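A.B. asks: In the UniProt record's numbering, the protein residues as written are 1 to 173. Virtual Cβ for every residue (Gly too), placed ideally from N, Cα, C. Since the model is a prediction, treat every value here as computed from it, not as a measurement. Mind having a look at this structure? Questions to follow.
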Amino acid sequence: MAIPLYDVSVSSFLQVLGAVSGFLDKGASHCRETGTDPNDIVEMRLYPDMLPFRFQIISVAHHSKGAIDGVQSGVFAPPTGMADQDYAALQAIVADARSALEKLTRETVDAMQGKEVVFKFGERSIPFTAEGFLMSFSLPNLHFHATTAYDMLRMRGVPLSKRDYLGRMQIKS
Numbered sequence: 001m002a003i004p005l006y007d008v009s010v011s012s013f014l015q016v017l018g019a020v021s022g023f024l025d026k027g028a029s030h031c032r033e034t035g036t037d038p039n040d041i042v043e044m045r046l047y048p049d050m051l052p053f054r055f056q057i058i059s060v061a062h063h064s065k066g067a068i069d070g071v072q073s074g075v076f077a078p079p080t081g082m083a084d085q086d087y088a089a090l091q092a093i094v095a096d097a098r099s100a101l102e103k104l105t106r107e108t109v110d111a112m113q114g115k116e117v118v119f120k121f122g123e124r125s126i127p128f129t130a131e132g133f134l135m136s137f138s139l140p141n142l143h144f145h146a147t148t149a150y151d152m153l154r155m156r157g158v159p160l161s162k163r164d165y166l167g168r169m170q171i172k173s
């Protein structure tokens with residue numbers, strides 16, 4: 001049985017974005033309860049050579065809504081121009097990505113199957129089909145950055161559980 005492109009991309013993106021939104025909210029609540037400035041988290045890193053929390057959250061939006069935009073335009077590139085975001089702005093970036101994805105129709109996304117998309121990184125260009133790009137590049141990146149952000153909040157003492165990471169699952173009704 002073939003699985004529609006919408007189901008393997010947008011449905012998954014929305015689940016992860018919902019979870020990230022939830023654990024960002026828990027992070028903000030934890031900061032209020034402990035008297036911590038949430039903006040102290042924004043530039044934290046797990047290791048000196050890793051990109052900061054801010055980049056992890058921006059990348060979650062970029063590898064979901066931005067991935068669909070890339071498939072639509074035929075070109076996907078790394079995110080740019082979002083260096084100075086505070087914690088609240090990061091929450092808004094996730095909310096905006098969710099809102100935009102919720103407006104997409106199943107028909108629009110499914111019609112992208114087979115479309116060519118190129119990942120451009122500097123002088124490099126890597127060709128994909130829409131489904132190859134979404135399944136083998138954006139979805140793994142989305143999970144990598146969501147997991148890293150989750151781990152950073154846990155490292156700061158935010159009381160999160162696996163359930164917070166999973167978000168709203170697509171259970172049988």
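Does the segment 30-48 touch the segment 84-92, meaning 3 or more C-beta pairs lie closer than 8 angstroms?
C.D. replies: They touch, by the three-pair rule.
A.B. asks: May I have the straight-line CA-CA distance separating Phe-53 from Ala-92, to the nearest angstrom?
C.D. replies: Along the sequence shown, read from residue 1 onward, the residue named residue 53 stands at position 53. Along the sequence shown, read from residue 1 onward, the residue named residue 92 stands at position 92. So the two alpha carbons sit approximately 15 angstroms from each other.
A.B. asks: Determine the direct distance from the alpha carbon of Thr-108 to that of Asp-25, and round the result to whole angstroms.
C.D. replies: Here residue 25 refers to the residue found at position 25 of the sequence shown. Here residue 108 refers to the residue found at position 108 of the sequence shown. Looking at the two C-alpha atoms, the distance is approximately 31 angstroms.
A.B. asks: Compute the beta-carbon to beta-carbon distance between Ala-149 and Gln-56, rounded to the nearest angstrom, for a pair I have assumed lies under 8 angstroms.
C.D. replies: The residue labelled residue 149 in the question sits at position 149 within the sequence shown. The residue labelled residue 56 in the question sits at position 56 within the sequence shown. Yes, they are in contact, since the Cβ atoms of Ala-149 and Gln-56 sit about 4 angstroms apart, within 8 angstroms.
A.B. asks: Please classify Pro-79: does DSSP put it in a helix, a strand, or coil?
C.D. replies: Taking the first residue of the sequence shown as 1, we reach residue 79 at position 79. Coil.
A.B. asks: Within 10 Å of its beta-carbon, does Asp-172 have 16 or more other beta-carbons around it, so buried, or fewer, so exposed?
C.D. replies: The residue given as residue 172 occupies position 172 in the sequence shown. First, the residue type needs correcting, since residue 172 is Lys and not Asp in the sequence shown. So Lys-172 ends up on the exposed side.
A.B. asks: Strictly by DSSP, which residues pair up with Val-137?
C.D. replies: Position 137 of the sequence shown, counted from the start, is the residue given in the question as residue 137. It is worth fixing the name first, because residue 137 is Phe in this sequence and not Val. The partner list for Phe-137 (beta bridge, DSSP) is empty, contrary to what the question assumes.
A.B. asks: Please report the distance separating the alpha-carbon of Lys-65 from that of Glu-33.
C.D. replies: Reading the sequence shown from its first residue, position 65 is the one you call residue 65. Reading the sequence shown from its first residue, position 33 is the one you call residue 33. Going from the Cα of Lys-65 to the Cα of Glu-33 covers about 32 angstroms.
A.B. asks: Does any residue of chain D bring its CB to less than 8 angstroms from the CB of Gly-35?
C.D. replies: Among the protein chains of the structure shown there is no chain D, as only one such chain exists.
A.B. asks: Whole angstroms is fine: what's the gap from Thr-147's alpha carbon to Val-117's?
C.D. replies: Stepping through the sequence shown from its first residue, residue 147 is reached at position 147. Stepping through the sequence shown from its first residue, residue 117 is reached at position 117. Their Cα atoms are separated by approximately 26 angstroms.
A.B. asks: To the nearest angstrom, report how far apart Arg-124 and Pro-48 are at their CA atoms.
C.D. replies: Your numbering for residue 124 matches position 124 in the sequence shown. Your numbering for residue 48 matches position 48 in the sequence shown. Rounded to whole angstroms, Arg-124 to Pro-48 spans 26 angstroms at the Cα level.
A.B. asks: Once you ignore the five residues that flank Met-135 on each side, which residues in its own chain have a CB closer than 7 angstroms to its CB?
C.D. replies: As a position in the sequence shown, residue 135 is number 135, starting the count at 1. Answer for Met-135: Val-8, listed in chain order.
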